[in-house]
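*Asks:*
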Amino acid sequence: MTATRASLDGILEGLRGTNGVVASTVISRDGIPVASDLPDSVNLEVLALRTAFMQGIGELVMESVEDEEAKTVIIVATQHYILTTPIDERNILVVVLDRSVEVGGMLFDVAETAGTIRRVLEGGS
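Sequence positions in the sequence shown follow my numbering and run 607 to 731.
#1: Could you check the C-alpha separation between Ile681 and Arg611 for me, to the nearest Å?
#2: Whole-angstrom Cβ separation of Leu644 and Ala658, contact assumed at under 8 angstroms?
#3: Please return the same chain residues whose Cβ sits closer than 6 angstroms to the Cβ of Met668, not counting the five positions on each side in sequence.
#4: Measure the Cβ-Cβ separation of Ile633 and Val640 and say whether it is below 8 angstroms.
#5: Just to confirm, are Leu614 and Ile693 a CB contact at a threshold of 8 angstroms?
#6: If distances are taken between C-alpha atoms only, which option among Gly637, Val716 and Gly721 comes closest to Tyr687?
#7: Can you check the stretch 622-707 for any beta strand (DSSP E) of at least 3 residues that lies completely inside it and give the ranges in chain order?
#8: Can you check which of these residues, Asp636, Leu650 and Ile638, is closest to Val702 by C-alpha distance?
#9: With a threshold of 6 angstroms on Cβ separation, who are the neighbours of Ala654 within its own chain once the five nearest residues in sequence on each side are excluded?
What follows is the structure, given as structure tokens:
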């Protein structure tokens, strides 16, 4: 395991349990898993492909409707929220939250985590 991968795993593990976060992953925009902290019951490859597609479609919709960049795309489900946010031009952060959490309050935390991951991927800390 590379130092970068270990750092990413540590960031994602640290995110779990914070403000209702139950799982998270870093994926490429092509839908390839980079690092994850997901339960074994989740098919990482399927989640990565679908959430990469979701982020891309969200960005296209915002460009066509408001001609602006989508920062975070949110799915509201019965028991969870799924948030996707770009880390950089190549990677996306996916965060699964419990529905008991006020999702609006987590947007800043998710953006901060994406920034931390961006610095790790760029070779910083």
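Just so you know, even glycine gets a beta-carbon here, dropped at the ideal spot from N, CA and C.
*Replies:* According to the data block:
#1: 27 angstroms
#2: Contact doesn't hold; Cβ gap of about 15 angstroms is too wide.
#3: Glu674 and Ala676
#4: yes
#5: no
#6: Val716
#7: 627-634, 639-643, 679-682, 686-692 and 697-704
#8: Leu650
#9: Ile633, Gly637 and Pro639
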